[in-house]
Every structure is written in structure tokens, then in C-alpha cells.
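With the working numbering applied, the sequence shown corresponds to residues 514 to 1259, in that order. Working notes, beginning with the structure itself.
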Amino acid sequence: MAMHSDLSSYTRTAGDNGLEIDLAVEGIACGGCIQRIERGLGKLPGVIDARVNFTNRRATVVWRKDAIAPTDIIAALKNMGYDAYPFVAKRDEDEETREAAQLLKCLAAAGFAAMNIMLLSVSVWSGNVSDITPETRDFFHWLSALIAFPAVAYAGQPFFRSAVAALRARSVNMDVPISLGVLLAVGVSVVETINHAEHAYFDSAVMLLFFLLCGRYLDRAMRRRTRVVAGNLAALRSNTAHRLDANDSAVDVPAAALQPGDRVVIRAGERLPADGVVIAGQSEIDESIVTGETALRVPREGETVYSGSLNYSGVLTVRVTAVGERTLLDEIERLLDHAVRSKSRYVALADRAARYYAPVVHTTAFLTLAGWLAYGATVHDAVLAAVAVLIITCPCALALAVPAVQVVAAGRLFRAGVILNAGNAIEKLAEVDTVVFDKTGTLTLPEARVVNAAQIPDDLFCIAARLAQSSRHPLAAALARERRGLRMIDGAVEEPGCGVGATIDGVEARLGSLLFCGLDASAAASAEVFDTSAIAIRFGNRHAVFQVQQKLRPDARAMADALRARGLEIHIISGDRADAVAPIAAMLAIESWQGGVTPDRKVKMIGGLRATGHRVLMVGDGINDAPSLAQANVSMSPISAAELTQAQADAVFLGERLAPVVEAIDLARAARRLMVQNLSLAVLYNAVAVPIAVAGLVTPLIAALAMSGSSLLVTVNALRLGLRARDRQRPRANMQEAVPQPMVAT
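Below is the structure:
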């Protein structure tokens, strides 16, 4: 990647006297790389903070103005063995896709070569105890070499490149012993073949690569996250605006050309291109993406409206007060980005174990070589013993210990209705002690329902549903969903801010507000449902009032009880008004709740919980929840959530029930126990196998078989998670059989 001479366009201000830049960093292989980069950048003059996100290999650096140049930061990373360049979302996504495809090709090459070499090796092994001739054995060894050389050269590239970069930076990582073990196994095999020895170890070298590539590919597959945040936020912005000129004529201009003080016209169905103040017009606007409030708002003159909000009915004239990076929508994006960086220091279990692995392996192999030479052994025997140590300690079991459990757990979670977005979500879910819920669309179902449907005459209901198909209003949409498959009424006309009218067989029909249908407020009370949204139907002299509310998810109370039984704290933090949150909190027996909370305050509240030592799981669905999802230790969202929210969540759950939240925590706790067991098995295996290898009691071939056995052991142990999951099916079924909860107000 070419070095950028001018990086000013990629920097942004950070505080009063600071600058900040995001860099994509190549060559990050393990948790030790994170520590090395952050420590190294922290020593640069003027650097205030440096954080690395292992998931997307992205470094964020903050420094004092005029203290250091961005090119110096990139040069410092280069000296540490890491190539870096300004982070650009699209380019980073393309690079991630390319690397994943290349890793899969390497895995396929190693697997194909391993199968063919093993066929030849089995023939040699069986022939050595029967009647194989030396010439035939040598021929099979050379055939193995012809397969192994190109396979190792191609499939070993991910490890070789990383090892070379580490050595150039005068450091080591896990890929250094891997590369040494593979290359020494191939080199020793060539020497043994030239000397007509009974055994060669080409199969060991290729098997090492195959197992390690399996672990690395599984790990990358679990770490890959949806990278559509920027695109989804951009989709909420209006690209053009209708600006009024001096003659009050509307002229279409790019939204980016707006300036504070400009007057813009927003028609029905359009999104606001900037923050502003209403100066004329009447309409209803949907601000749920920025405030979380689900009820439509009728802004009065002088009230503030926000970029990205959707204008539902009438025409508004707005005086622009903030554009570009100063709008509330951009503030949400900044909060989201900051929250992602604030939790990027999390280091996964396997990464923490890997920090200490490479130095121990290198020291053990070197001491083995030196010890055998000091003991008087030949160079040949000393090298064989050292290679056996490198192979037998090769981190296949360590590399598979966590990904194997992750894959099994991901499969079990999928069957339970949970899809993982992040590779470390399982480990984070296992550590949770506090759960924070949003209200609308999370504890309640995303779509509103008619709660008094049984009290409405069916013929009036059908007429209302047909009229509702001609309206964009969410209350009308709720009516239309109750009676699907009906034909739209021809000639229906929507009056902005009022409702829909039509003539059916010479009789006037109206659907909309009480006033539009000629009714007064007392008509709404006849439904006897507290705090609902009302929409009326009038057909001739007949009328009815529909009460529309959002419904609590059917197993919400059972879910809350289950979380409390597991010792978890539960909070509700919602952008909806307090009088809509209070009844839900009472129904779920949740004492800690807040309503009317803005996105930045949500982030601060969750940050406060984390600062007091809590491990927070945030469950939310709105775009305004995305920053708080990122701020939490781990996050989940329903499949009905906004795409931006799903992209930010560590896991997404399916269906209308909340049982998957409990199931995810249970499975994560069981999975983490198995991860610890697998890592312990890997350590125990090395504790037993290494002394045997150091003593020269195993050949590289036996070492490779032992290594394969340890990998198989941790994989079989991971499969035990399936048995534990089946044991939990009964309580999960009990949750799903919970009695549906009553309707609650939007």
C-alpha cells in the first residue's frame, strides 16, 4: 500500500488541542500484536492515546497538534513490522474479503496435499514392516516432496509473512514457531530422503499447516462482522434539499451545499436534510431513528427538528441550524464510533494465552538443541529432537481450542434463534452480570396491533383496512395488517395530517383522526384502554374507533424472571416517554428504568455501569441504540431491528420471543467453561509431551501424530456443548409456553 504524503484529509479534531486518525493495520496475528502496537505508539512524542481493534485490524491514534505528523505514526508502525494506511470503510471491506478468500485457498491447498502425502506415507509405513524396497521407498518420499514443496510454499504464506514481519521488527509472535516447525520439518525430510532414511516428515509439515489453517479460518470467520454502518447512516440522509431562494421559489440543491440560515421545504415522504427550526407548515414527523420515540410528533413553529427524521404527511418549511458533521445524526455516528473504540481493548481468551506461547516454545526448542549438542549428540540427532519439540508443541490444539467451541456454540445458538456477528461474543456473553433493555421494538413487538379488534363490526373493519392501504401512516399500517388480502379502494385520497377519504357505493368513508371523522375525544374513551393511539373510521352514519398499541413480547415476564434467577441485574433505558415505559417496567417487575433518554445519555449511563465494574449486555433495536450497543460489553438486537443496529450488535436473535437472550447467556457460560477446559487440555498435553520430545523419545512423525491427537481431543470436547444444550431444552420450552402478556401503550 502506497504511503500517503498528505494525510490531513483523514484526520479529525479530538478535543481542544488534539488530532485523531483511523488506520487499517496489516499483519496483526494475535493478542500480543495489540499490546505491542499500543505500547509502541504510546511511546511516540505527543501521542495521547492509541487503541487497536483486533476484530477489524483498525488502530485509532490521538495526538497533540504540531507534536507529530501522521506519516510518522505510519512509519513507526512500519518499523514495528506492520503496514498501515488510512482507514477507508469500502477499501477495508474489500481487503477483508480478499484475505478471507486467500485463506480459504491456502486451506484447500494444504488439505489436498495432506491427503495425497498421507496415502504415500501409509504405503511407506506398511512397507517398512513388510517387503518395500529402498528404491521404492525413496521414490515415494520424493513424490511426497514434490507435493509438499509447492503446498507448503503456497499454504504457508499467511504464517511466513507474519513471521518475517515480526522478525524484522525484532520480535516474535505465534507464527514464528509455526514457520520454523514447518520449514525445519521439510528441511529435515529432504536430508533424510537424500540419506535413504526409513522416515521422512513431509506429511507432518503439511498436516501442521492444514490444522493451523483450519483454526485460523474458523477464527476469522467468527471475527468477521457486518461492515455496513457507514452505508446505513448515509441512507438516512437526504442527498438533495429544496432550498427557498429570495423569491420564495424552491430550488433543488445538494444537501451538502446547505448553510445555517437557509430555508428548506420538506414534502411528505421526504427525510430532513439538516437540523433546523420549523418556521411554517404543519405535519407529523417520525423521529424514532434519532430519539427512540415511536409516537409521531407534530412540530410547532419554533420547535427543533432533526436530520434523518421522516416527514409523514404535510409540508414543512424549516430554517437550517446545523448541517454536515454538526447534525444530531452525525453526533450519533460519532458516539457509535467512539463507543466501538472504547471497548476495543478486550482481548479474547485464546489471545491472552497466545501472548506467552511463542517465547516458551522458542526457548524450549533452543535449549533442546543446545542440550543435545552439549551431551555429545550429532547435529543430525540434535536437530531432529529440536524439530520434534517444535512440532509437538505446535499450537494446533491452542489454535483450535477456542474456535472449535465457537463453531459448535454458534450452531447451537443458531438453533436457539441467535445469529452471532462477532467472534468474541460468546466469551463476552459468558461474563455478563447486568442486562439493559431498550423498550420499543425490544421488550415490545416492533409492529403495532389493534387491541379492540373484537369490538369493531367486521364490515367496518374491512372498509377501514381497505382505506388504510392508501395511507403511509403507521396507525393505518397496523389496521392494514389486521385484514390482509383485501383490495385497495379506488379513488381514495389522503389529506395530509388528517386521514384518507373515499366514496364507496355512493357513501362517504373516512379513516383518520377523530376530528377528521367528525368525532370528539370522548369517543376514544369508549374503548376503555389506557393511553393508546386512536384512529377512527366513519362510513355514512356509522363509526368506530380503533385503539392501536404495541404489544409486549409474549415471554417478556418469563425472560425477566429467568435472568433474575441467574443473578443478573435488569435495567430499562428507553428513548420513549416515561409514561410509556413505566407500565412495562411494572409488568416485568423491573425497578430500575429510565424514559426519555437521549442517545448520548444512554451511552453515558451504560458507561457508568461499566465504570462501576458491571459487565453489561445491551439489548436494543433502534438506530438511536447503536452507540449504546457499541458502548456495552456485549450487545444483542432483534432481527426486526434497523440494519445499522444489527450491524453493530454482537448477536441478533430471531422471532418474537426473548427466550434467545437467556439461551445465549446459558450457552455462552457453558461454552466458556469448555474453552477453558480446551486450553487446559492443550497446556496439559504440552506438559506431558514436551519432556518426552526433549528426551528424544519421539520422532517428528510421532510428534505430528501426537499433535493431531491433541487437536482431535479439543474438538471432541467442544462437541460436548451439544449434549449440554439438549439438557437445557426443557426449561427453554417452559419459557416459550409462557402466557402472552397484555397489550401496552406505545
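Note that beta-carbon positions come from the ideal geometry of N, C-alpha and C, so glycine has one too.
Using the Cα positions of residue i and residue j, report the straight-line distance between them to the nearest angstrom.
{"i": "SER822", "j": "ALA668", "result": "51 Å"}
{"i": "GLY794", "j": "VAL777", "result": "12 Å"}
{"i": "ASP596", "j": "ALA537", "result": "8 Å"}
{"i": "ALA895", "j": "GLY884", "result": "8 Å"}
{"i": "MET1001", "j": "ILE1050", "result": "16 Å"}
{"i": "ALA582", "j": "GLN548", "result": "22 Å"}
{"i": "ALA465", "j": "GLU612", "result": "With the chain covering 514 to 1259 only, the question about residue 465 has no answer from this structure."}
{"i": "HIS709", "j": "LEU897", "result": "16 Å"}
{"i": "ILE707", "j": "LEU696", "result": "17 Å"}
{"i": "VAL831", "j": "ILE792", "result": "6 Å"}
{"i": "ILE1119", "j": "THR1111", "result": "12 Å"}
{"i": "VAL704", "j": "HIS654", "result": "11 Å"}
{"i": "ALA887", "j": "LEU680", "result": "27 Å"}
{"i": "ALA899", "j": "LYS618", "result": "30 Å"}
{"i": "ASN937", "j": "VAL921", "result": "14 Å"}
{"i": "ILE550", "j": "ARG925", "result": "36 Å"}
{"i": "ALA768", "j": "VAL836", "result": "8 Å"}
{"i": "GLY624", "j": "MET631", "result": "11 Å"}
{"i": "SER857", "j": "VAL1147", "result": "Because the pLDDT at SER857 is just 44, under 50, the model does not fix this residue reliably, and the point stays unresolved."}
{"i": "LYS1117", "j": "ALA1124", "result": "10 Å"}
{"i": "VAL790", "j": "ALA759", "result": "19 Å"}
{"i": "LEU1187", "j": "ALA1200", "result": "19 Å"}
{"i": "ALA589", "j": "LEU554", "result": "7 Å"}
{"i": "GLY1109", "j": "SER1087", "result": "6 Å"}
{"i": "LEU992", "j": "ALA1162", "result": "31 Å"}
{"i": "ASP788", "j": "LEU958", "result": "30 Å"}
{"i": "VAL1211", "j": "ALA1139", "result": "55 Å"}
{"i": "TRP638", "j": "LEU933", "result": "44 Å"}
Where does residue i land, buried or exposed, given buried means 16+ other C-beta within 10 angstroms?
{"i": "PHE723", "result": "buried"}
{"i": "GLN1144", "result": "buried"}
{"i": "ARG571", "result": "buried"}
{"i": "GLY1025", "result": "buried"}
{"i": "LYS556", "result": "exposed"}
{"i": "ALA1206", "result": "buried"}
{"i": "ARG552", "result": "exposed"}
{"i": "THR891", "result": "exposed"}
{"i": "GLY889", "result": "exposed"}
{"i": "GLY774", "result": "exposed"}
{"i": "HIS1084", "result": "buried"}
{"i": "GLY1014", "result": "buried"}
{"i": "ASN530", "result": "exposed"}
{"i": "VAL873", "result": "exposed"}
{"i": "SER1105", "result": "exposed"}
{"i": "HIS986", "result": "buried"}
Contact check, residue i vs residue j under 8 Å by CB: the rounded distance?
{"i": "ALA682", "j": "MET593", "result": "5 Å"}
{"i": "GLU1176", "j": "ALA929", "result": "4 Å"}
{"i": "ILE1097", "j": "ALA1073", "result": "Incorrect: roughly 10 Å between the Cβ atoms, too far for contact."}
{"i": "ALA961", "j": "GLN1107", "result": "In fact, because the Cβ distance is near 23 Å, the residues do not count as touching under 8 Å."}
{"i": "LEU482", "j": "ARG1070", "result": "Nothing in the structure corresponds to residue 482, since the chain is present only between 514 and 1259."}
{"i": "PRO1151", "j": "THR955", "result": "6 Å"}
{"i": "ALA465", "j": "SER675", "result": "Past the boundaries of the shown model lies residue 465; the chain is included only from 514 to 1259, so the question cannot be answered."}
{"i": "VAL766", "j": "ARG756", "result": "5 Å"}
Taking the alpha carbon of residue i as the point to measure from, which residue in the options has its own alpha carbon closest?
{"i": "ARG941", "options": "ALA1181, GLU995, HIS755 and GLN1161", "result": "One detail in the question is off: residue 941 reads as Lys in this sequence, not Arg. Among ALA1181, GLU995, HIS755 and GLN1161, the Cα nearest to that of LYS941 belongs to ALA1181."}
{"i": "PRO970", "options": "PHE1052, ALA989 and VAL900", "result": "PHE1052"}
{"i": "ALA1091", "options": "LYS952, ILE550 and LEU1210", "result": "LYS952"}
{"i": "THR524", "options": "VAL695, ILE541, ALA938 and THR573", "result": "THR573"}
{"i": "ILE561", "options": "GLU539, THR877 and ILE534", "result": "ILE534"}
{"i": "PRO1264", "options": "LEU1167, GLY540 and GLN1060", "result": "Any property of residue 1264 remains undetermined from this structure, which presents the chain solely from 514 to 1259."}
{"i": "GLY640", "options": "LEU1028, VAL699, HIS712 and SER675", "result": "HIS712"}
{"i": "ALA1202", "options": "ILE905, GLU1008 and VAL689", "result": "ILE905"}
{"i": "GLY782", "options": "HIS755, ASN824 and VAL1174", "result": "ASN824"}
{"i": "ARG577", "options": "PHE625, THR526 and TYR598", "result": "THR526"}
{"i": "TYR968", "options": "VAL931, LEU933, ALA1057 and ILE976", "result": "Contrary to the premise, residue 968 reads as Gln rather than Tyr in this sequence. Ranking the options by Cα distance to GLN968, first place goes to ALA1057."}
{"i": "ARG729", "options": "ILE691, THR646 and SER1087", "result": "ILE691"}
{"i": "ASN1191", "options": "VAL1165, VAL1229 and ALA1208", "result": "VAL1229"}
{"i": "LYS1064", "options": "ILE939, ASN965, GLU816 and ALA943", "result": "ASN965"}
{"i": "LEU1171", "options": "ARG1233, PRO1204 and ASP1068", "result": "ASP1068"}
Consider the Cβ of residue i: report whether some Cβ of chain D lies at a distance smaller than 8 Å.
{"i": "ASN641", "result": "The chain labelled as chain D is not found in the depicted structure, where only one protein chain is given."}
Would you say the beta carbon of residue i is closer than 7 Å to some non-hydrogen atom of the ligand COA?
{"i": "VAL874", "result": "Of ligands this structure carries none, so the ligand COA is not represented either."}
Under 8 Å, with one C-beta from each stretch per pair, do the stretch 941 to 957 and the stretch 1125 to 1142 reach the 3-pair mark? Cβ pair count under 8 Å is three or more, so yes.
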